[in-house]
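First comes the structure, then the notes that go with it.
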Amino acid sequence: MKCRCQSEPTIIKESTDKNASPRWIAATLLGVALWVVLYAQLAPFSEWIVSLFPLEKGTRLSEALTFFFYDTPKVLMLLALIVFAMGIIRSFFSPERTRALLAGKNEGLGNIAAACLGIVTPFCSCSAVPLFIGFVSAGVPLGVTFSFLISAPMVNEVALGLLFGLVGWKIAMAYLGLGLGVAIAAGWVIGRFHLEDWLEDWVKNARAGAVNPSSEKLTAVDRIKEGLAAVREIVGKVWPWMIAGIAAGAFIHGYAPAELLASIMGKGAWWTVPSAVLIGVPMYSNAAGIIPVVEALLGKGAALGTVLAFMMSVIALSLPEFIILRKVLSLRLLVVYFSVVACGILTVGYLFNAVFG
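Here you go:
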C-alpha cells in the first residue's frame, strides 16, 4: 500500500449539541492520557511477551521477537495518535480549499507553498488523478502542482511523526528540510521546462468549475469526529502493511549480518546510494510501513543517507504510483518527473552521508 487512500476528507455535516462539546473534549483528553500511560509500558510488555517463549535471552530469534512485539504496538499507537491529530487539522484543508490556495500562485513562492501544504493535505497515489486535474484546471502552474505531488506522499505527517518517535527529532527535522527541498527544487525545475503540452490531451481539455472553498463552520466535536474517522479509515487500511514492514524490520534486526548491510548500504562506495534507490523503486509501501525497516537498517550500521534515499524512493518513486500517474501524464513527462525526483533523492543521500558520516 502506497499511502493513505482517500481522495478528500469526509466532512461530517450533522449539527452537534453544544452541551456535548465538553463531554467529547474531556473524553478526548482522557484518551490521550491513557495513550501516554500505555505507551510508557511497551518495553516491559514486549520483554514479558518474549519471556513466555522457551527461548534463551540474547539469541537471534529472541532479539527478533523482542523487536517485533515492541515495535508493533509502538508504531500502531504512534500512527493512531498522529492520524487522529492530523485528521482534525485536515478538516481545515479540503481539496477545494487547497486548490484555491494554490491557484494563481507564481512559481518560486508557489512551489514553497505547495510543498508545505503537501505535509498536511490528503494526497496519495489513488487520489492523484482527481487532484492533479483539479490543480491544473484551476490554474495552478504545472511546476507548483508537481511540488505538491512530490511533497504529499514523501514528507507527510505520518512519516515525520514516526521518524520523530523512532529515530529522533534531529533525523526527522533533517528529513523534513531536505524532503521539502527536493519537492520545491524538483517542481521549480519541471516548471522551468514549460511542459504543459506533455500532459495527456484529456487533462489539458478538462475544465473545472470555480473554486469556492467551503464556508461550513465545524464545531470542536465535528473536528474530533473527523479525527476518529481518519483513524478508522487510514489505520484500518494500512495496519497489515505496517505489520509486514515491522516483521521485515524484526528479521533484519535479528538475523541480517551487520557486515553485509554495512557493505550494501554503507557509505564506503559511491554506488550504494543509487543501488538503494533502484532497490526501493519496485517496492510498494507507505511511509508507515517502511519506517520500521529503516529503523532496523540504521540499527545494523547502514549509512543514514543511503537508508533515507531508499525510504524516499519507496515512497515517492514506486511503480504503482507511476502506473496511476500515467493516466494523466504523457510518458515523456513521467520520465522527466522520475528523473528530476531521482536526482533530488540521490543528492539527499550523498549529502546525508557526507554530513552525518
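Heads up: the sequence shown begins at 186 in the numbering used here, then just goes up one per residue. All C-beta atoms in this analysis are idealised placements derived from N, C-alpha and C, irrespective of residue type, glycine included. All of these numbers come straight from a predicted model, not from anything done at the bench.
Under the three-state reduction of DSSP, which class applies to residue i: helix, strand or coil?
i	result
L518	helix
L264	helix
V329	helix
L361	helix
L215	helix
L240	coil
L227	helix
L246	helix
P398	In this prediction, P398 scores a pLDDT of 47, lower than 50, which makes its location untrustworthy; no coordinate-derived value is stated.
L403	coil
L384	strand
G293	coil
G376	helix
N390	coil
G303	helix
A454	coil
K410	helix
S336	helix
F277	coil
R511	coil
G353	coil
V416	helix
V466	coil
C311	The predicted position of C311 is uncertain, since its pLDDT is 47 and thus under 50; no value can be drawn from it.
Taking residue i and residue j to be in contact with their CB atoms under 8 Å, please state how far apart those CB atoms are, rounded to whole angstroms.
i	j	result
I297	G412	Not a contact, Cβ separation roughly 28 Å.
V462	I375	Wrong, their Cβ atoms sit about 19 Å apart, outside the cutoff.
F541	G490	7 Å
Y535	V458	6 Å
A299	F333	4 Å
A265	V416	5 Å
V533	L493	6 Å
I304	S336	7 Å
L384	V513	7 Å
L237	S247	At roughly 12 Å, the Cβ-Cβ gap does not stay under 8 Å, so L237 and S247 are not in contact.
I267	G216	The Cβ separation is near 14 Å, so there is no contact.
M450	A488	6 Å
As a quick exercise: from the options, pick the residue whose alpha carbon is nearest that of residue i.
i	options	result
W373	Y535, L327 and S460	L327
I500	V340, A405 and L348	V340
N538	R377, E480, W383 and A454	A454
T330	A368, T404 and G362	A368
W209	D407, G484, W426 and L482	D407
D249	C528, Y440 and G484	It should be pointed out that residue 249 corresponds to Ala in this sequence rather than to Asp. Selected option, being the one with the closest Cα: Y440.
P477	W424, E381 and P207	W424
W220	L261, V235, T251 and F253	L261
G366	F523, K422 and G293	G293
A527	R511, F507, L510 and S498	S498
Y224	F269, A270, M358 and G350	G350
S231	A359, A414, F253 and K422	F253
A270	F495, I475, A414 and C301	A414
D386	A211, A359, R511 and A429	R511
W233	T251, K410, F523 and L302	T251
G364	M496, L483, F378 and A405	M496
H379	W456, V325, A212 and K402	V325
T213	G484, L483 and A405	A405
I431	S460, I475 and L403	I475
P207	I409, L263, K389 and I508	I409
L126	F523, L483 and G486	This structure gives no information on residue 126, because the portion of the chain shown stretches from 186 to 542.
L263	I508, V235, L227 and N390	L227
L483	L348, E381, F320 and K422	L348
Does any CB atom of chain B fall closer than 8 Å to the CB of residue i?
i	result
V374	As a matter of chain content, chain B is missing from the structure shown, which is built from one protein chain.
Which full runs of the alpha helix (DSSP H) of 4+ residues lie inside the segment 474-503, going along the chain?
-> 489-501
### Task
Taking 8 Å as the threshold, find out whether the segment 431-439 comes into contact with the segment 253-260 through three or more Cβ pairs.
yes
The segment 509-523 in contact with the segment 348-356 per 3-pair CB rule at 8 Å
no
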